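Presented below is the structure to which this report refers.
Numbering (this note's numbering), first residue to last: 1 to 100.
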């Protein structure tokens with residue numbers, strides 16, 4: 001297989017909501033400046049109706065409810081964004097190290 005032509009896709013994670021477990025693709029991590037928490041932007045299919053119809057759901061969920069199910073290297077290129085208190089979104093930058 002030619003690696004330059006390989007199709008890439010977002011890594012898989014498992015969403016935990018009570019007793020339910022839902023696999024999803026991790027699209028991005030989002031740092032919420034105001035709430036000081038990480039959120040995960042994910043997408044997954046949701047099947048409903050008769051006859052069944054699949055719809056793609058895109059949601060942000062608590063970072064605590066996301067569990068990795070692939071090797072750690074699969075998550076290295078997931079974008080990290082920051083939602084600032086003024087409503088702007090940009091790349092996340094880690095805070096500078098504090099002085100000892």
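The beta-carbon is built from N, C-alpha and C at its ideal position, and this holds for glycine as well. Just so it is clear, the structure is predicted and the values come from calculations on it, not from any experiment.
Taken through DSSP and simplified to helix, strand or coil, residue 65 comes out as helix. For residue 98, there are no CB contacts under 6 Å within the same chain when 5 residues up- and downstream are skipped. Apart from the 5 residues on each side of it in sequence, residue 74 sits with its Cβ closer than 6 Å to the Cβ of 11 in its chain, given in chain order.
In this structure, DSSP gives residue 73 a helical state, which the three-state scheme calls helix.
Between residue 27 and residue 43, the CB-CB gap stays under 8 Å. The closest CA to that of residue 25, considering only 13, 35, 64, 60, is found on 13.
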